[in-house]
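Just remember that the numbering used here sits 17 ahead of the position in the sequence shown, which is counted from 1.
Worksheet: the structure to be examined is printed underneath.
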Amino acid sequence: MSATPGPRVIAIAMVAANGVIGDGKTQPFTFGEDWARFKATTLGHPLIVGHATHRAMGLLTGRTSIVISHDPASVRFPDVPPPGARGIAVAGLEEALRVAAGLDREKIFVCGGGQVYRDAMDWVAELDITHVHADADGQVTFPRIDAATWREIERVDGEQFDFVRYERVGAPRPVPEPGPGG
C-alpha cells in the first residue's frame, strides 16, 4: 500500500463490461451480494457522492454522505435520517475531501457518479470494483482502469461479476488538510 499521509481515498463502484455505471438516475444492475459488500466495506467511513447519486442512494446508516452540488442549498436530507447517518452538502470535490478528512483519518470512499469519479481520480489510492460480466445501457461511465496506473491486488471471481481491488502505482495526490463541516 502507498504510504501517503492522511486518509486513503478509495473509489468503489459496480462497472458493466462496457464501462457503464448508470444512466444518470439508476445503476443498471442490482446484486444483493454486491450491496452487502458495499455496506460492510463503507460502514463507518464518509462517502463522497454527486447530487444525482445522493438522490438515488439516499443517506445510509452509519455513514456521513458528503454531497457535491453546484447548488449545495438545493441538496435535501431527510428530517429523520437513518441511525448514524448524516448529510453534508458542499460545492466542490476539494471541499468534500477536506470535510471527509476531518471526519475520518483512515478511509474516504468515492461512490459516484461518473463526473465525481473522474474528478477524484488523482486523489484515489485504491479502486474497489465489482466488474459485471455483462454490458449495460447508459451514458454514465467509470474512468478507464489503465494497467500503467493501477495494479490488481485482490480478486474474487464470481458467476455474474468479480470483486477486484486495485492499488495505484505510485502515490496519489495528497488529501487536503481537514476543514470545516466535520
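Backbone N, C-alpha and C fix where the C-beta goes; we use that ideal spot for every residue, glycine too.
It should be emphasised that the depicted structure is a prediction, and the values quoted were computed from it without experimental measurement.
Per the C-alpha coordinates, the member of 115, 110, 46, 153 positioned closest to residue 23 is 115. For the options 185, 193, 177, the alpha carbon positioned closest to that of residue 34 is the one of 177. Given a length threshold of 3 residues, each whole run of the beta strand (DSSP E) inside the stretch 102-147 is given here in chain order: 103-107, 124-127.
Between residue 189 and residue 26 the beta-carbon gap is near 7 Å, inside 8 Å, which marks them as a contact. Residue 97 and residue 78 have their C-alpha atoms some 12 Å from each other. Of the candidates 100, 81, 55, 185, the residue whose Cα lies closest to the Cα of residue 107 is 81.
Among the bridge pairs identified by DSSP, residue 182 is matched with 145, 171. Minimum Cα-Cα distance from residue 151 among the listed residues 36, 50, 30, 41 corresponds to 36. In this structure, DSSP gives residue 69 a helical state, which the three-state scheme calls helix.
With 16 or more other CB atoms across the displayed protein chains lying within 10 angstroms of its CB, residue 76 is buried.
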